Amino acid sequence: MGGSYGVESTGLEGWTQARPAVEGTQPQWFAVQTRYRFEKKVAAQLHQKNFQVYLPLRTEHHNWSDRQTDVTIPLFPGYAFVHLDQSRESRTAVLHTAGLLGFVSFGATIVPVPSKQIEHLQTLLQEKVRFSLHAFVHVGQRVRIRGGCLHGFEGVLLKHEKGKLVISIDSIQRSLAIDIQGYELDLV
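Every number in the numbering used here is 869 more than the matching position in the sequence shown, counting from 1.
Below you can see the structure in the form of structure tokens.
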């Protein structure tokens, strides 16, 4: 296992099939999968290794019999995002993180997450836009929001839920449903 939980192979095989690693290429965002409830620990370790990490968090209000409290939890349990170049050294350093299971891949191909999707997530959470988690969808009309703080956001308009726009993070197959009442939409 080489000092890392759940990583039995080098985890580098998919990189050569997706795109040859070229030293000096622009850094990109990649989704990584973590062990259950290890998201914050993995993010902290990657940050200590000088990687740019994004772990989207949300706050939930919990009521217990003896107390009430707000709890900060990952928006996408089991996943975090890391910004790195495609050098073998960077990938190896990420894979040798305790609690990290590996890079999210489709088949044997490790696919980067578009920077625009990460920016959209950051804006949603910073602006405190009301949203709810939503099942990942493949069908529907792609639209772009025009005007307001969400100008330029693209997503799938749900036919069965009026006033909702689904923003999907394809690589981890997770989606958010945003209330878009009052926003104007353009077809993409």
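The beta carbon of each residue, even a glycine, is placed where N, CA and C say it ideally should be.
Note that this is a predicted model, so its numbers are computed, not measured.
Just to confirm, are THR941 and HIS931 a CB contact at a threshold of 7 Å? The residue given as residue 941 occupies position 72 in the sequence shown. The residue given as residue 931 occupies position 62 in the sequence shown. No, the Cβ-Cβ distance between THR941 and HIS931 is not below 7 Å.
Give the DSSP bridge partners of LYS1033, in chain order. Position 164 of the sequence shown, counting from 1, holds the residue named residue 1033. Paired residues: ASP1048.
Alpha carbons only, please: which of ILE1038, GLY947, TYR948 and CYS1018 is nearest the one belonging to VAL1067? Residue 1067 is absent from the model: the chain starts at 870 and stops at 1057.
On the criterion of 16 or more Cβ atoms from any shown chain inside 10 Å, does LEU964 qualify as buried, or is it exposed? By 1-based counting over the sequence shown, the position of residue 964 is 95. That one is buried.
Buried or exposed for ALA977, please, with buried defined as at least 16 other CB atoms from any protein chain shown within 10 angstroms of its CB. Stepping through the sequence shown from its first residue, residue 977 is reached at position 108. Exposed: under 16 other Cβ atoms inside 10 Å.
Residues in its own chain within less than 7 Å of THR966 by CB, not counting five upstream and five downstream? Residue numbering aside, residue 966 sits at position 97 when the sequence shown is read from its first letter. So the list reads SER873, VAL911, GLN914 and LEU915, once near-sequence residues are dropped.
Under 7 Å Cβ to Cβ from GLN1050, same chain only, skipping five residues before and after it: list those, please. The sequence position of residue 1050 within the sequence shown is 181, counting from 1. Counting only Cβ-Cβ distances below 7 Å, and skipping sequence neighbours, we find GLY1032.
What residue range does the alpha helix (DSSP H) around ILE1041 cover? By 1-based counting over the sequence shown, the position of residue 1041 is 172. Per DSSP, ILE1041 belongs to no alpha helix (DSSP H) and is neither H nor E.
Anticipated Cβ contact below 8 Å, PHE950 with ILE987, distance rounded: Taking the sequence shown and counting its residues from 1, the one referred to as residue 950 is at position 81. Taking the sequence shown and counting its residues from 1, the one referred to as residue 987 is at position 118. Indeed they touch by this definition, with Cβ atoms about 6 Å apart.
Return the first residue and the last residue of the beta strand (DSSP E) that ARG999 is part of. By one-based count along the sequence shown, residue 999 stands at place 130. Unbroken run through ARG999: none, as it is neither H nor E.
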